[in-house]
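Reviewing the structure listed below.
Residue numbers (the numbering used here), protein chains in the order written: chain A, 1 to 286; chain B, 1 to 394.
If you want it as C-alpha cells, here you go:
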C-alpha cells in the first residue's frame, strides 16, 4: 500500500511539474525563446486568483477561464512588441530574447510586489481528501493532476492532428520552410506565445491551491520549469512530460526515504547527471 | 562701484555669513533629528512577519516623537529593504553607518540575517538591540555590541513537550527548516524530547524553496507520532499543514514555531488552521507595563492586531531610548555599558542580558488557533482558553 501511495504522490507531484514546465516548452519549441518571465506569469496569475477569490468567494476553478482569456490577450499583446522584433536577428535572437524576457520578468515581479505585496499566500480550496483503504487522495492535487493530463492531451492532439498544430510544429522545425509552404509564421508565433502565457497563468491559478506563493517565487518556478524542460529535451513535448513525471516520482521517493534535504537538491543532481550522459535530454536519449 | 568698494562689501558679507554660521551651528545640531537606522525584510520569505516587527518600531518612534523625542531631539527612522538576504543586509548596514551616518542602529528581522551583521556591529562598535535574533550563538564570548531583544530560540515551543508528555504523548516527529533560528529550535526540541523520555520517531531538515512535503508527511504518517513539531517560517508552515491533510494524517499535537501567529496563516489554511499550536513572546493580555497602551496604539495606527514581532520591534526602540536617556548621550560605548548593567521593563517582559548579551528575561507562552482565532493557552493564570487536543486536521 505504501508503494501505491508513494507512486500516487509522485505522479501527482509530476502532474504539477507538467503544468509548470509545458508552457515554457511550448514557447521554446516554436520560437527558440527561453521565456525567463515564465515564473512571473505563474505567480501573477496565482496572486490575482488569491486576491479575487478571497474578495468575491469565487472558486479558483471559475477564475481559471478568466485568467486563461486575460493572459492569452496579454501574451498576444506582448509578443509583437517584445519578441517578434527579435525573430529576424538571426543567431543573436536567442541571446537577445533572454535579455528581453529577463527584463519582462523583473517588471512583472515589481508589478506583483506593488499590487499584492511581498507576502506568501495560498487559497484554502478543495482541502479535503478521498480515502480508499490506506490510500489517500487530495482533491486539490487531483484537480491539478487532471488539468495537467488535459494540457498534455490538448498539446498532443492539437500539435499532431490539427492543421494549425501542424503548422506550429512546421514553424518550429523550419520557419523558412514553413513560410515557403504558405504558413503565416508570424501568426503562428503570436499564437504560440499567447497560448504559452495563458497555460503558464492557468498553472498559477491551480498551484495557488496547493502551495504558498509570493512575488519572489517567480524565479524559483522559472528555474524549476527550466530544469524539467532541459531534462526532457527543449521543444520535446512527450520528453518533458516524461521528465516531469520521473522527477516527481524521484522526489517523492527521496523525500520519503531520505527527508527534505535530499528531495530539495535532487532535481539539480539529476539535471547534471542527464546533461553529462545525454546532453540532448531524456527523450532523445530514449 | 569701484573694485575696492566691491571687495569691502564681499568681505563684509562673507564675514557676516561666517558669524551667522557659528551662531547657527549649535542650534541646528540640537534640532537635527536622531537618525535610527535598520533594515527590514520588506520583500522575500520573511516579509509577512518582518512587517509586524517594523510596525512595532514605527509606533515606538511615533510615541517618542509625540513626547518630544530623546535628549530633546526628534527621532527619524531610516529603513532599507534587505530582501530577506543576509548579504544585502550587511551591505545596507554598512551604508547606514558610513553614508547615512546613523546615530543609532536596530537589528534586522531573523536570526540568520542578524548573524551576518553581528560581526559588523562588533567591528564598527555600535551597541545594537537585536529584536528578532533568537538564536543563542550570536551572544557568545567575544560579542560585545549585540544585545538579544527577544526570547532565545531554545525556548520556542519549549512548553509543549512537557505538557503533551504529562497528557500521555510518547512519540514525537521534528521537522526543521535549514535556517539559523529554526535549526537551533530543531536541535533543542529533539534534545528536550529525549530528556523527557519521549521517542523521536522521525526527524528531518529541509530548505526553501519548498520541497515536496507530501513525502515527508507520508513518512511521518507511517511513524504515527503523537506530537509533530515544525521549526518553521511562514511559507513552509503553510505547506506542511496542507501536505499532512493531503496525506490524511492528523497528529494529536501539531505545533509550528513561526507562521501560525501571522494573520495570513488562517487565510491560507482556513479550517485546517484550527488546533495548530504555536508560541508567542508577547500577548495582548500580558500584564507587563504598557502592554495595554501598546495594543491600543498599534491597532489605531496600523488597523491590525499587533503580534510578538511587533512587541519585539516596539520593545527594542523603547530599550534603546531608555539607554540614551539613561546615559544622556549617543555615545555607543556608554550605551553598551548601560545596557549590560540595567534591566528595562518592556511589553515582552524584563529586558535583561548576561555578559554576552543573551536575553535572561524573556520567555515564550503557547497559543493555539481555535475557530480561526489565536488563543493564549499557557501560562494558566493568563490563558484565554484550554489547549484543545487532538488536532482535528479538517
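All C-beta atoms in this analysis are idealised placements derived from N, C-alpha and C, irrespective of residue type, glycine included.
Limits of the unbroken beta strand (DSSP E) element including residue i
i                      : result
residue 365 of chain B : 365 to 370
residue 247 of chain B : Segment: none, residue 247 of chain B is in no beta strand (DSSP E) and carries neither H nor E.
residue 42 of chain A  : Segment 38 to 56 is the alpha helix (DSSP H) holding residue 42 of chain A; no beta strand (DSSP E) there.
residue 83 of chain A  : First-last for residue 83 of chain A: undefined, no H or E at that position.
residue 130 of chain B : 128 to 130
residue 110 of chain A : Not the beta strand (DSSP E): residue 110 of chain A falls in the alpha helix (DSSP H), residues 92 to 116.
residue 101 of chain B : Residue 101 of chain B -> no beta strand (DSSP E), and no H or E assigned at all.
Close beta carbons around residue i, own chain, < 8 Å, minus the five adjacent residues each side
i                      : result
residue 376 of chain B : 280, 283, 285, 365, 366, 367, 382, 383, 384 and 385
residue 89 of chain B  : 39, 82, 108, 113, 116 and 117
residue 178 of chain A : 167, 170, 171, 185 and 188
residue 190 of chain A : 76, 79, 80 and 84
Boundaries (first-last residue) of the alpha helix (DSSP H) holding residue i
i                      : result
residue 242 of chain A : 237 to 258
residue 149 of chain A : 139 to 161
residue 297 of chain B : 291 to 302
residue 115 of chain B : 111 to 124
residue 268 of chain B : 263 to 269
residue 327 of chain B : 308 to 327
residue 135 of chain B : Careful: residue 135 of chain B lies outside any alpha helix (DSSP H) and carries neither H nor E.
residue 9 of chain A   : 2 to 31
residue 181 of chain B : 180 to 195
residue 296 of chain A : The structure shown has nothing for residue 296 of chain A, since chain A only spans 1 to 286.
residue 337 of chain B : 332 to 341
residue 219 of chain B : 213 to 223
residue 160 of chain B : 160 to 166
residue 181 of chain A : Segment: none, residue 181 of chain A is in no alpha helix (DSSP H) and carries neither H nor E.
Bridge partners - residue i, DSSP secondary structure assignment
i                      : result
residue 73 of chain B  : B/70
residue 348 of chain B : Partner(s): none; residue 348 of chain B has no beta bridge.
residue 256 of chain B : B/230
residue 131 of chain A : A/136
residue 210 of chain A : Answer by DSSP bridge pairing: none, since residue 210 of chain A is not bridged.
residue 81 of chain B  : B/40
residue 204 of chain B : B/175
residue 121 of chain A : A/213
residue 61 of chain A  : The partner list for residue 61 of chain A (beta bridge, DSSP) is empty, contrary to what the question assumes.
residue 280 of chain B : B/365
residue 147 of chain B : B/129
residue 374 of chain B : B/369
residue 228 of chain A : Looking at the DSSP assignment, residue 228 of chain A forms no beta bridge with any residue, so it has no partner.
residue 35 of chain B  : B/76
Sequence-distant residues of the same chain with beta carbon closer than 6 Å to residue i, five excluded per side
i                      : result
residue 12 of chain A  : 141 and 145
residue 29 of chain A  : 172 and 235
residue 264 of chain B : 48
residue 290 of chain A : Residue 290 of chain A falls outside the range modelled here, since chain A spans only 1 to 286, and no answer is possible.
residue 176 of chain B : 182, 183, 186, 205 and 231
residue 316 of chain B : 106, 129, 131 and 149
residue 27 of chain B  : Legend: pLDDT at residue 27 of chain B = 43, less than 50; position of this residue unreliable, no value from coordinates given.
residue 334 of chain B : 327
residue 179 of chain B : 112
residue 121 of chain B : 128, 145 and 146
residue 99 of chain A  : none
residue 139 of chain B : 148, 356, 357 and 358
Rounded Cβ spacing between residue i and residue j (contact assumed at less than 8 Å)
i                      : j                      : result
residue 45 of chain A  : residue 67 of chain A  : 5 Å
residue 171 of chain B : residue 150 of chain B : Contact doesn't hold; Cβ gap of about 31 Å is too wide.
residue 151 of chain A : residue 22 of chain A  : 6 Å
residue 69 of chain B  : residue 34 of chain B  : 7 Å
residue 56 of chain B  : residue 321 of chain B : 13 Å between Cβ atoms; not a contact.
Neighbourhood of residue i by C-beta distance below 7 Å, restricted to the same chain and skipping five residues each side
i                      : result
residue 154 of chain B : 136, 184 and 188
residue 124 of chain A : none
residue 270 of chain A : 231, 247 and 250
residue 252 of chain A : 6, 9, 10 and 13
residue 196 of chain B : 161, 162 and 165
residue 289 of chain B : 345
residue 272 of chain A : none
residue 63 of chain A  : 49, 52, 53 and 205
heavy atom of the ligand MG below 7 Å from residue i C-beta
i                     : result
residue 11 of chain A : As presented, the structure is devoid of all ligands, the ligand MG included, so that no description of it is given.
Interface positions of the segment 223 to 248 of chain B facing chain A (Cβ-Cβ less than 8 Å), listed along the chain: Cβ contacts with chain A: 234, 235, 238, 239, 242, 245, 246, 247 and 248.
Chain B contacts from the segment 243 to 276 of chain A (Cβ-Cβ distance under 7 Å): Cβ contacts with chain B: 251, 252, 255, 256, 259, 260, 261, 263 and 264.
Chain-ordered residues of the segment 180 to 211 of chain A with a beta carbon less than 7 Å from chain B: Under the 7 Å Cβ criterion, the segment 180 to 211 of chain A contributes 210 and 211.
Residues of the segment 103 to 134 of chain A whose Cβ lies closer than 8 Å to any Cβ of chain B, in chain order: Going along the segment 103 to 134 of chain A in chain order, one finds 113, 117, 118, 119, 120, 121, 122, 123, 124, 127, 128, 129 and 131 with a Cβ nearer than 8 Å to chain B.
Near-chain A residues of the segment 269 to 283 of chain B (beta-carbon distance less than 8 Å), N- to C-terminal order: If the cut-off is 8 Å between Cβ atoms, the segment 269 to 283 of chain B has 269, 270, 271 and 272 near chain A.
Contact residues within the segment 26 to 56 of chain A, judged by C-beta distance below 8 Å to chain B: Listed by position along the chain: 54.
Contact residues within the segment 354 to 387 of chain B, judged by C-beta distance below 9 Å to chain A: Hits within the stretch: zero.
Chain-ordered residues of the segment 194 to 217 of chain B with a beta carbon less than 7 Å from chain A: Cβ contacts with chain A come from 204, 205, 206, 207, 209, 210, 211, 212, 214, 215 and 216.
Contact residues within the segment 66 to 77 of chain B, judged by C-beta distance below 7 Å to chain A: Of all residues in the segment 66 to 77 of chain B, none has a Cβ within less than 7 Å of some Cβ in chain A.
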